[in-house]
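As structure tokens, the structure follows; a few thoughts come after it.
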Amino acid sequence: MKFPKAQTLQEIANLIEAEFVGSPDFPVLGMNEIHVVEEGDIVFVDHPKYYDKALESKATIVLINKRVDCPKGKALLISDDPFRDFNKLTLHFKPFESSNTSIAKTAEIGEGTIIQPNVFIGNHVKIGKNCLIHPNVSIYDHCVIGDNVTIHAGTVLGADAFYYKNRPDGFDKLISGGRIVIENNVDIGASCTIDRGVTGDTTIKEGAKLDNQIQIGHDTVIGKKCLIASHTGIAGCTIIEDEVTLWGQVGITSGVTIGKKAVILAQSGVSKSLEGGKTYFGSPAEEARAKMKEMASIRKVPFLLEKFKKNS
Amino acid sequence: MKFPKAQTLQEIANLIEAEFVGSPDFPVLGMNEIHVVEEGDIVFVDHPKYYDKALESKATIVLINKRVDCPKGKALLISDDPFRDFNKLTLHFKPFESSNTSIAKTAEIGEGTIIQPNVFIGNHVKIGKNCLIHPNVSIYDHCVIGDNVTIHAGTVLGADAFYYKNRPDGFDKLISGGRIVIENNVDIGASCTIDRGVTGDTTIKEGAKLDNQIQIGHDTVIGKKCLIASHTGIAGCTIIEDEVTLWGQVGITSGVTIGKKAVILAQSGVSKSLEGGKTYFGSPAEEARAKMKEMASIRKVPFLLEKFKKNS
Amino acid sequence: MKFPKAQTLQEIANLIEAEFVGSPDFPVLGMNEIHVVEEGDIVFVDHPKYYDKALESKATIVLINKRVDCPKGKALLISDDPFRDFNKLTLHFKPFESSNTSIAKTAEIGEGTIIQPNVFIGNHVKIGKNCLIHPNVSIYDHCVIGDNVTIHAGTVLGADAFYYKNRPDGFDKLISGGRIVIENNVDIGASCTIDRGVTGDTTIKEGAKLDNQIQIGHDTVIGKKCLIASHTGIAGCTIIEDEVTLWGQVGITSGVTIGKKAVILAQSGVSKSLEGGKTYFGSPAEEARAKMKEMASIRKVPFLLEKFKKNS
């Protein structure tokens, strides 16, 4: 997430009342989580275990809870609570704007696009040409939708990331300031939920087709021409490469990558990255052929037990 | 799907710019997919593997991509792309009509039926007497709902079938022109999604009761007095016979039949037809008693391994 | 569920045209299902198997289909169909009130609370301060929501319990007259469904955080600081104690208790109560460590089979 215009280190430090290491006019272009951070951005880190990762990342400014050595060409923001202060910055640069109308005046809607009744379209949303948005769809602020996209009734695009810090007095939410980007020729079924990125984008790439009641977490990427059947849930920060097929009720954990043209059979549960071009099944998912063999062998266990009784 | 009035072979051929085999005034009554086709209907076929099935089906007119011998009493429409031309016909006879009002003027709503706020009711929808439609429900065009039906908030009736042809340049959708038929005394929970038929009907028969967040695919039939718990997903073209019980998070593949009074326990996955009157469990689902025995035997495998170590 | 004011036994008997055993002016304070019944309440029982349980419960008045001995200090209502007559009472004291406006005039909404467009808020709903209710949310009558609560788009609070009596001529619904109570600092994701209690409350306690597409049945209690991932379904009358974590696509049956700080891994299926402080996995769920061991041992079955072939 880039700021509308570049800030100085001093300006950012003032916003969160933090000390800083670096020149007061050091430029700050945006802010991002570590997995999507770019040059010029702030990243935050509040656990010593991840200090090095943050300091060595592409981030140019590190919001940190210890006065460490500042890497060359970078700057530090020193805070007793980087998580809280990262949230402060998100709220400052992407404040929540309530809506008084079902379709915000700042929304841009392309030629030939049909918006059915009872749809909500938030502030600064962009929708391309020749789309069809069915009734009771909710599109939160800042979503970007391409051309020839169909979205069926009841679907929710852009709810907050499910991302909390466990504090002694309760869970503290990492505030979402990111977006959803839906590319051209995507179809999304009824009652799907796709969360916005925390600071980056949740992306559904060109030509992907989603059935009903699918859940896609924040910052996840669905590749081109993916086919996803109903009730499948994909957690945050996961990458589904192009032309992957996910059958019904599949679950995929956060942060993994499913390789190009992989097929995952119904009700499978994926807890690690999977190579492309293969078919998987089971919970946890394994290559389908091996899994089927395993399942066949299990059916012979009663026979093994019988044998043992006889032999001993 | 029947046409509003009978067409001639010549008229249909003109619409899709196809050649034909048969008398120009050969009557054409409707169009249907092969599993629901009736006399007088067009069926389409684009793969040699299925030519015979289509030509020998109840269909009277076959839309086909090869000039084959025409069966007696039938007619052919010759097209280089029957899938595309079948879609053209669907769009012609069931064009999408956008709505300017939340409740279409062409919708018929029976006496004593209560429509709560924020409900969408599409064109040509029929709703019987003494129904209760809760808020934010979306009912697409042409749905037919009986008497004493309750539909809870957020449910979507009539979204498109999830049915695509894989083309080199992207998935091509088979356009849905079918309906949903909900019989009397059905209850449907909150945030369910029931897709319309492609050319036929998706049917929920008398007295069936559905919990929340259930997904039912196109052309599927749910029998009388079925009881379906939440998060269950049933793919397209499946037949659930009368008085079947499906517990929570069950998944059922397309095209199968679940026999009368079958019970399928929670989280089971069904990939083939199942006989009625029995209880099933597991993914893939097996008879529950056998499955339980298998699961008990598995618990003894560590003991078997131990024995082996000693003996060898 | 308490009545707006105390009734007499005679008044209740008149409403349902039942005979009674006890003083005509015996006070009746409310009505409840057996698992939440309190002194002064009516409970109903229609199966001899449960007569003793009902007669010995905290209920002061027992609506029963047999003239049994009346326990001291209690009263009886004799009916040929207690289920039907319990429903009559629910309908009398909590009649369904249709709504003409999206936000009912009888709803109370606290200071600082933002209601986004297309939200439905039913009669007698109470919402606290500084809440954020996103678009297309449906909140049924009598729901009670605390302060600082966020509810994402498309969520449905207060649909009916999925609770039916199987009669020869069809399922007969137990009418819901209960409520939902959401405490302070709760976050609820998009397209969740939480059913109201039958006579009691479905409760989400302080600081619990729910992801998208979660289903929670009637009369269930979610403890403080629980964390629940998407597509998880919890049936009715279940108690999830404080600080429990449920990962994605978990299913939990009705009437069980999940102990404090338990963790249930993704796609697990829970069919019995589980002790707190432990981690569980599988369907049916077992302690994760034991389950993982079992799964590892299964992978050695083909080896066992091989050995057997050689030895015999």
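As they're listed, the protein sequences go chains A, B and C. Remember, the working numbering sits 6 above the position in the first sequence when you count from 1. Remember, the working numbering sits 6 above the position in the second sequence when you count from 1. Remember, the working numbering sits 6 above the position in the third sequence when you count from 1. Backbone N, C-alpha and C define an ideal beta-carbon position, used for all residues, glycine too.
| Query | Result |
| --- | --- |
| Proximal residues, the segment 20 to 45 of chain A versus chain C, C-beta separation under 8 Å | none |
| Residues from the segment 180 to 199 of chain C in contact with chain B, defined by Cβ distance under 7 Å | 197 and 199 |
| Member of B:253, B:70 and B:223 whose CA lies at the smallest distance from the CA of residue 262 of chain B | B:223 |
| Rounded separation between residue 293 of chain C and residue 284 of chain C - CA only | 7 Å |
| Residues near residue 132 of chain A in its chain [Cβ-Cβ closer than 6 Å; skip 5 each side] | 114 and 150 |
| Backbone secondary structure at residue 50 of chain C - three-state DSSP | strand |
| Pair within 8 Å by beta-carbon distance, residue 311 of chain A and residue 297 of chain B | no |
| Alpha-carbon to alpha-carbon, residue 304 of chain A and residue 303 of chain B | 9 Å |
| Top-ranked residue by Cα proximity to residue 11 of chain C, from C:35, C:264 and C:68 | C:35 |
| Coil, strand or helix - residue 221 of chain B by DSSP | strand |
| Among B:152, B:19 and B:126, nearest to residue 160 of chain A - alpha-carbon criterion | B:126 |
| Sheet register partners of residue 25 of chain C (DSSP bridge) | C:84 |
| Beta-carbon gap between residue 15 of chain A and residue 81 of chain A smaller than 8 Å | yes |
| Residues near residue 57 of chain A in its chain [Cβ-Cβ closer than 8 Å; skip 5 each side] | 51, 70, 72 and 74 |
| Enclosing beta strand (DSSP E) for residue 37 of chain C [first to last residue] | 33 to 37 |
| Stretch-stretch touch, CB-based, cutoff 8 Å, three pairs: the segment 184 to 193 of chain B with the segment 194 to 205 of chain A | no |
| Members of the segment 130 to 154 of chain B near chain C, C-beta cut-off 8 Å | 138, 140, 141 and 142 |
| Per-residue contacts from residue 75 of chain B into chain C (C-beta, under 7 Å) | By Cβ distance, chain C contributes nothing, its closest Cβ being about 52 Å from residue 75 of chain B, past 7 Å. |
| Near-chain B residues of the segment 298 to 309 of chain A (beta-carbon distance less than 9 Å), N- to C-terminal order | 301, 304, 305, 307 and 308 |
| Neighbour flag for residue 166 of chain B against chain F, beta carbons, 8 Å | Of the protein chains in the structure, A, B and C, none is chain F. |
| Within chain A, the residues that residue 314 of chain C reaches when beta carbons sit closer than 8 Å | 310 and 313 |
| Endpoints, alpha helix (DSSP H) assigned at residue 304 of chain B | 294 to 304 |
| Spatial neighbours of residue 266 of chain B in its chain, beta-carbon cut-off 8 Å, leaving aside the 5 residues before and after | 229, 247, 248, 249, 250, 282 and 283 |
| Through-space distance from residue 147 of chain B to residue 203 of chain B, alpha-carbon basis | 12 Å |
| Three-state secondary structure (DSSP) of residue 13 of chain A | strand |
| Interface residues of the segment 204 to 231 of chain A facing chain B [CB-CB below 9 Å] | 212, 213, 214, 215, 216, 217, 218, 219, 230 and 231 |
| Cβ-based neighbour list, residue 26 of chain C, same chain, cut-off 6 Å, excluding 5 preceding and 5 following | 15, 19 and 83 |
| Exposure of residue 206 of chain B, with buried meaning 16 or more beta-carbon neighbours within 10 Å | buried |
| Segment limits, alpha helix (DSSP H) that includes residue 284 of chain C | Per DSSP, residue 284 of chain C belongs to no alpha helix (DSSP H) and is neither H nor E. |
| Min CB distance residue 236 of chain A to chain B below 8 Å | yes |
| Extent of the continuous alpha helix (DSSP H) run through residue 57 of chain A | 57 to 61 |
| Contact check, residue 279 of chain A vs residue 287 of chain A, beta carbons under 8 Å | no |
| C-beta neighbour in chain B for residue 289 of chain C, strict 8 Å | yes |
| Start and end residues, beta strand (DSSP E) containing residue 178 of chain A | 176 to 179 |
| Alpha-carbon spacing of residue 105 of chain B relative to residue 53 of chain A, whole angstroms | 54 Å |
| Cut-off 8 Å between Cβ atoms - residues of its own chain near residue 153 of chain C, not counting five sequence neighbours on either side | 116, 134, 135, 136, 137, 190 and 191 |
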